[in-house]
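Notes follow once the structure below has been shown.
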Amino acid sequence: MVLEVIHYYTVPSNIDIDKGLKQGMFIIVTTSTFFLSNCVIAWQLNNGKLYICEIYSKHDKTYEKSYVNQILEDDNKVFHDWINCEILAPGYLIPGNTKVDGYFSIKIKNGCVEDVKFKTILEEYNQQNMPL
């Protein structure tokens, strides 16, 4: 599962990307089709653990708060140790970040941060062995 970040926010000076996101807390908002089709999910990455906070699914032209059995059943954030995914966060979305020409790839394994890498678009293109 790949989660593409569309919004990100944190308390200033609350996290340090260079420490692998295993300290501090921030909220990310992503699009996803994993739980429901055409939904937006608010996640909290807190001291290296990924929590589901809210799920919104599209009904007609508006998004409404949704609950999914055994995923998110009330208004409390939930940690699931079975979530394995990659979070792609464009560099320009992260406040104070000087690396704006690419994105952060945050690997989540068993609900926890496993690895954080910054990749430029050109690096990703070259890794796929595509001719320029």
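With the sequence shown counted from 1, adding 368 to any position gets you the working numbering. We put the CB at the ideal spot given by N, CA and C, even for glycine.
Determine the closest residue to F486 out of G479, I474, N478, with distance taken between C-alpha atoms.
-> Counted from its first residue, the sequence shown places residue 486 at position 118. It is I474.
So, is Y471 buried or exposed, given that buried needs 16 or more other C-beta atoms within 10 angstroms?
-> As a position in the sequence shown, residue 471 is number 103, starting the count at 1. Y471 should be labelled buried.
How far does the beta strand (DSSP E) with D483 in it reach, from first residue to last?
-> Translated into the one-based positions of the sequence shown, residue 483 becomes position 115. For D483, the uninterrupted beta strand (DSSP E) run begins and ends at 480-488, by DSSP.
In the DSSP assignment, what residue or residues form a beta bridge with H419?
-> For this step, residue 419 is matched to residue 51 along the sequence shown. According to the sequence displayed, residue 419 carries Tyr and not His. For Y419, which the question treats as bridged, DSSP gives the partners Q412, F447.
Roughly how many angstroms separate the alpha carbons of Q391 and N414, rounded to a whole number?
-> As a first step, residue 391 must be located in the sequence shown, where it is residue number 23. As a first step, residue 414 must be located in the sequence shown, where it is residue number 46. Whole-angstrom Cα-Cα distance: 7 Å.
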